[in-house]
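Novice: After the structure tokens below, expect a handful of questions from me.
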Amino acid sequence: MTPAYKSLFQTLTTAMLALSVISCGGSSSSNSTTSSTSSILNDGAGAPTSNAGDCNSTTSGVNWDALMDKNCPNLSDYNLFVDETDPTAKPNTGGVPYDLSVPLFTDYASKYRFVFIPEGLSASYSEAEVMDFPVGSVLVKTFAMPENTAFRDGAELVIETRLLIHRENGWIALPFYWDPVDNGTDARLAALGVDIPNMTTNHNGVDLNFTYSVPDWTACTSCHGKLSSGTSTFIPIGPKARYLNKDHTYENSQVANQLSYWAEGGILEGLPSDMSAVMAAPLFDDSIIPSSLTSDALNDTAKAYLDINCAHCHRNELTLGTGFSGPAGSSGLQVEYNRAYADDPTKFGTCKVAVAGGHNDYPYDVIPKDSDSSYLLFRMNTNDSRHRMPELGRATIHAEGVALISAWIDNLPTASCSPP
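Numbering (the numbering used here), first residue to last: 166 to 585.
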């Protein structure tokens, strides 16, 4: 362990952390309360009332019964992984690793994703929306902070594991925090969330220091809550066909298209036999240089980035004609990947005055050929809480995402925006 990470562990272990009620992945609110680790990492205080009687059951595999109706105090109670101290690999039977072609940005953290579907059940394919996962399904995502983002196979600090569980009455989110005082032996339910000060990583030779936030169990509705025909619901965000339609290397060194792998494994039904008919988002990570992309590839990649990072809020079923409306669907900025820019450039912010926020120096969300004057880019490139976008889920600026969207704006067809 490097001195920097030893220092971090000592800080978290010997000092009482400022733990507070937070928004999903965002900063603490001004009226949040602080508590000690022992009072906030608990067996479900603040979460729905639950009898944890089955949490200690000894099972040979996944503890499906507890997953379905128990908010257990420890991640290990669900027995999701062969090694209960390592949530980044080797899921128990019923679990399959996956990743996304364009990941949601979260402070340069590495993410390890798994889907668990009970034996005999399968998800249903959707052309544009999240797969329709059956009751009993569990989506698992573990966040780890690398010492250096250039060496993600090196030292990483495992921070949190989030579960999205599809129970009989709908989806529920449970965040689990890997508290250093437990020496990596287990993660505990963090019902009220956790703020972790002095998180560090080195990115492109620069040391970043920030407060990392683990969400409280209710706050994830800020991103996952959707409206459909006036009915509010809670759904996953990432596992859409377009982001799963890529190759993945599995633990047996088998390389396979994820959607085909799921279908052949019996956990996905309805996948078109002609894979060329399945939407595929382009690959994007921090190594991709926007200037190396063709004009069409740049536009496609930028749309995918805006979709995965913004469209869970900035989407509207009425104007697109299908799917769900997000919390910011009425703002006029609607950046779904399957929306054609040419059909209505205003939906992507072109010459559109901001409905919420606003800044005197940035008259429109997007001004083609002028990224420096575009409010959308300014919001991505600031940590000012009045203007930052996304509002939740990051404490650092995604420099590579800013570069991508800047290049996209400067590459858009010229448009004459009338004075606001």
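Where is the CB? At the ideal position from N, CA and C, for every residue including glycine. Just so we're clear, the structure is a prediction, and the values are computed from it rather than from any experiment.
Which one or two residues does DSSP pair with Trp336 in a beta bridge?
Specialist: Answer is His331.
Novice: Which whole-angstrom value is the C-beta distance of Asp575 and Ser536, which I expect to be below 8 Å?
Specialist: About 5 Å separates the two Cβ atoms, so the contact holds.
Novice: Assign Ser425 to one of three DSSP states: helix, strand, or coil.
Specialist: If DSSP states are grouped into helix, strand and coil, Ser425 belongs with the helices.
Novice: Where Ile570 and Thr307 are concerned, what is the direct C-alpha to C-alpha distance, given to the nearest angstrom?
Specialist: Their backbone Cα atoms lie some 27 Å apart in a straight line.
Novice: Can you grab the Cα-Cα spacing for the pair Arg278 / Arg327, in whole Å?
Specialist: Distance between the alpha carbons of Arg278 and Arg327: 10 Å.
Novice: Going by the DSSP bridge assignment, what does Asp412 pair with across the sheet?
Specialist: Answer by DSSP bridge pairing, in chain order: Asn422.
Novice: So, at 6 Å on beta carbons, what are the nonlocal neighbours of Ser581 in its own chain, with the 5 sequence-adjacent residues on each side left out?
Specialist: Within the same chain, Ser581 has no close Cβ partners at all.
Novice: Taking the CB atoms as reference points, tell me whether Trp573 and Ala421 lie closer together than 8 Å.
Specialist: Not a contact, by the Cβ cut-off of 8 Å.
Novice: Assign Lys235 to buried or exposed, taking buried as 16 or more other Cβ atoms, counted over all protein chains shown, within 10 Å of its Cβ.
Specialist: Label assigned to Lys235: buried.
Novice: With a 10 Å radius around its C-beta and 16 neighbouring C-beta atoms as the bar for buried, classify Pro578 as buried or exposed.
Specialist: It counts as exposed.
Novice: Using the C-alpha atoms, what's the distance from Phe298 back to Tyr426?
Specialist: Whole-angstrom Cα-Cα distance: 16 Å.
Novice: Expressed to the nearest angstrom, what Euclidean distance is found between the alpha-carbon atoms of Asn374 and Glu312?
Specialist: If you take the alpha carbons of Asn374 and Glu312, they lie about 12 Å apart.
Novice: Using three-state DSSP, classify Pro256 as helix, strand or coil.
Specialist: Three-state DSSP puts Pro256 in a strand.
Novice: Answer yes if the segment 443 to 451 comes into contact with the segment 262 to 270, meaning at least three C-beta pairs across the two stretches below 8 Å, and no otherwise.
Specialist: Touching, yes.
Novice: Could you round the C-beta distance between Ser275 and Arg317 to whole angstroms and report it? I think they count as a contact, below 8 Å.
Specialist: Yes, Ser275 and Arg317 are in contact; Cβ-Cβ is about 5 Å, under 8 Å.
Novice: List the endpoints of the continuous alpha helix (DSSP H) containing Thr579.
Specialist: Segment: none, Thr579 is in no alpha helix (DSSP H) and carries neither H nor E.
Novice: DSSP on Tyr470, reduced to helix/strand/coil?
Specialist: Residue state, collapsed to three classes: helix.
Novice: How would you label Tyr529, buried or exposed, when you count the other beta carbons within 10 angstroms and need 16 or more for buried?
Specialist: By the neighbour-count rule (16 or more Cβ atoms within 10 Å), Tyr529 is buried.
Novice: Looking only at its own chain, which residues have a Cβ that is under 8 Å from the Cβ of Thr314, when we skip the five neighbours before and after it?
Specialist: Only Tyr273, Thr366, Asn367, His368, Asn369 and Asp451 meet the Cβ criterion.
Novice: Apart from the five residues on each side of it in sequence, which residues of its chain come closer than 8 Å, Cβ to Cβ, to Thr109?
Specialist: With the chain covering only 166 through 585, there is no way to say anything about residue 109.
Novice: Can you tell me whether DSSP reads Tyr273 as helix, strand or coil?
Specialist: In this structure, Tyr273 counts as coil in the three-state DSSP scheme.
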